[in-house]
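In our numbering, the protein residues as written are 922 to 1260. Everything on this sheet refers to the single structure shown next.
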């Protein structure tokens, strides 16, 4: 696989990793959709599946080069490099944009999901009563999840490990937003904001040869939480990949129909015209204003009014659709070149 990749392909793979990382952090968006639309979803799943007994044996025997080749190491390393960069760059930009331009950001995402539905479903021809039922169930689950209320924040390390396993589902299952699941579990801010910022601040201090953070109990706790969350995510990534590779191999049509349903259902989460609800620290009650808020809750949805802001949002939805179609054209050209 690696011998067929040009330098530009490798650069684009890092950029796709950036896209997956950013998508995984945004509630309602699935990094798996990026993988699916960009044309490397199955390679991603099957590469993760290589983390098995044979890989462990190669590791124990010190055959690192063989291990690297066996697990499709260059592909995974470039992809994960993009994701890591994203968590400390693009995702922070996204946080800012969502805070100040929420309607416009969700409009682009809404358009991208519509484009993704078109992309995934356009070549799917195996419609029968089983796949139609899978589509309906997937859609119903996607919609119902979007209306659940969040739990309270919980930093118990076993629960954090469980959150890691569940949250990574967004990378392996298109349409299933891991970050939105973290909101429902009550730990979105703790795991994707506070702990990531703690790591960022710690690295910045270490670079300046400042180790005062070691005397900060809250910082140490957040770093522990992030470490356990990462271990849970890696565990979930490998586990889900084995399950999905088996399902894709034996029940591909039903799985594809379910994925399409999940993505259709996720449209409710990223509906642009909504007001984000927060749970305040002081009272524990819900409020529209995020000032002093800690836990992001569900959304209040409403019908847009016809004004300039709405017209801009509709234009951005069209732009989002166009971005996915452009990705599709690039993917088709890449596959043609390789063939």
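Built from N, CA and C at the ideal position, the CB exists for glycine as well.
Own chain partners of residue i with C-beta closer than 7 angstroms, once the 5 adjacent residues on each side are dropped
i, result
"residue 1055", "1175, 1178, 1179, 1182"
"residue 1051", "1175"
"residue 1047", "1174"
"residue 1004", "938, 941, 942"
"residue 1246", "1036"
"residue 1083", "1153"
CB-CB length for residue i against residue j, believed under 8 angstroms
i, j, result
"residue 1120", "residue 1147", "6 angstroms"
"residue 1150", "residue 1081", "5 angstroms"
"residue 1162", "residue 1093", "6 angstroms"
"residue 1062", "residue 1186", "6 angstroms"
"residue 1098", "residue 1113", "Their Cβ separation, rounded to whole angstroms, is 12 angstroms, which puts residue 1098 and residue 1113 out of contact at 8 angstroms."
6 angstroms Cβ shell around residue i - same chain, five flanking residues per side excluded
i, result
"residue 1035", "1242"
"residue 972", "1159"
"residue 1064", "1186, 1189"
"residue 1007", "939, 942, 943"
Rounded C-alpha distance that separates residue i from residue j
i, j, result
"residue 1111", "residue 1076", "8 angstroms"
"residue 1023", "residue 966", "32 angstroms"
"residue 1068", "residue 1129", "45 angstroms"
"residue 1040", "residue 1009", "30 angstroms"
"residue 1126", "residue 1167", "45 angstroms"
"residue 1138", "residue 1118", "15 angstroms"
"residue 935", "residue 1132", "32 angstroms"
"residue 1073", "residue 1045", "41 angstroms"
"residue 1106", "residue 1195", "21 angstroms"
"residue 1153", "residue 1089", "9 angstroms"
"residue 1250", "residue 932", "17 angstroms"
"residue 1053", "residue 1078", "40 angstroms"
"residue 968", "residue 946", "23 angstroms"
"residue 1026", "residue 1018", "7 angstroms"
"residue 998", "residue 1227", "46 angstroms"
"residue 1207", "residue 1104", "Here residue 1207 scores only 49 on pLDDT, less than 50, and its place in the model should not be relied on; the value that follows carries that caveat. Their backbone Cα atoms lie some 14 angstroms apart in a straight line."
"residue 970", "residue 1014", "32 angstroms"
"residue 1231", "residue 1171", "45 angstroms"
"residue 1164", "residue 1156", "12 angstroms"
"residue 1108", "residue 1169", "31 angstroms"
"residue 1212", "residue 1020", "Only weak support is given to the placement of residue 1212: the predicted model assigns it a pLDDT of 48, under 50, and the value that follows is read from those uncertain coordinates. Approximately 11 angstroms, taken between the alpha carbons."
"residue 1266", "residue 928", "Past the boundaries of the shown model lies residue 1266; the chain is included only from 922 to 1260, so the question cannot be answered."
"residue 1086", "residue 1057", "26 angstroms"
"residue 1115", "residue 1042", "38 angstroms"
"residue 1000", "residue 981", "25 angstroms"
"residue 987", "residue 930", "23 angstroms"
Cut-off 8 angstroms between Cβ atoms - residues of its own chain near residue i, not counting five sequence neighbours on either side
i, result
"residue 1142", "1076"
"residue 1204", "Caution is warranted here: a pLDDT of 49 is assigned to residue 1204, below 50, making its placement in the model unreliable, and the coordinate value is therefore given only provisionally. Cβ within range, chain order: n/a, list empty."
"residue 1123", "1134, 1140, 1144"
"residue 1224", "1194"
"residue 1244", "1029, 1032, 1033, 1036"
"residue 991", "971, 975, 976, 979"
"residue 1002", "935, 938"
Where residue i falls: helix, strand or coil (DSSP)
i, result
"residue 1195", "strand"
"residue 1099", "helix"
"residue 1224", "coil"
"residue 1029", "helix"
"residue 1183", "helix"
"residue 927", "coil"
"residue 1056", "helix"
"residue 1188", "coil"
"residue 1140", "helix"
"residue 1118", "helix"
"residue 1129", "coil"
"residue 984", "coil"
"residue 1172", "coil"
"residue 945", "helix"
"residue 1089", "coil"
"residue 967", "helix"
"residue 992", "coil"
**Prompt:** Between the stretch 1221-1237 and the stretch 1020-1032, do three or more beta carbon pairs fall short of 8 angstroms?
**Reply:** They touch, by the three-pair rule.
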